[in-house]
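Count along the sequence shown from 1, then add 51; that gives the number in the numbering used here.
A virtual CB, placed ideally from N, CA and C, is assigned to each residue, including glycine.
Model, not experiment: these values are computed from the prediction.
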Amino acid sequence: MTEEQFRRQVRQLAALRGWTLAYHTHNSRRSDAGWPDEVYGHPHANRVLFVELKTNTGRIRPAQRAWLTHLAACGLEATLWRPRDIDLIVATLAPNGPRAQLPHDLR
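Have a look at this one:
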């Protein structure tokens with residue numbers, strides 16, 4: 052699965068669960084380095100989710116790691132998701148689901 056295919060799958064799951072896309076980096080060459088790929092909001096659940104999407108073998112760059120850890124340290128829901136995390140993704144996207152957390156290797 053490519054990152055783009057995965058992004059579409061996550062976006063579809065999020066929409067089915069009431070999340071709206073607040074921001075998507077369309078051209079990362081013109082954005083601040085490392086800013087998460089997607090930012091979702093769920094108005095009824097009062098949640099905002101910052102997500103970096105990678106393939107199962109994709110590498111996270113230092114600037115991406117820095118942004119995710121900074122956002123999480125500020126108390127925001129920030130995470131890195133891969134296709135192998137689909138069960139966690141489905142659970143997290145439930146409006147009353149668990150808060151997104153950084154994977155252990157990013158903490």
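- Residue pairing by DSSP places W132 opposite L104 in a beta bridge.
- Setting aside the 5 residues that flank it on each side, G69 is surrounded in the same chain by H93, H95 and P146, each with a C-beta closer than 7 Å to its C-beta; the list follows chain order.
- Shortest Cα-Cα distance from T106 to any of D156, R158, F57 and L157 involves F57.
- According to the DSSP assignment, T143 belongs to no beta strand (DSSP E) but to the alpha helix (DSSP H) extending over I137 to T143.
- Within the model, the alpha-carbon separation for A123 versus L157 is close to 10 Å.
- When C-beta atoms of the region 108-117 are compared with those of the region 134-146, fewer than three pairs fall below 8 Å, so the two segments do not count as touching.
- Note that the C-beta distance between T130 and V99 is not below 8 Å.
- The alpha-carbon of H75 is positioned some 6 Å away from that of D88.
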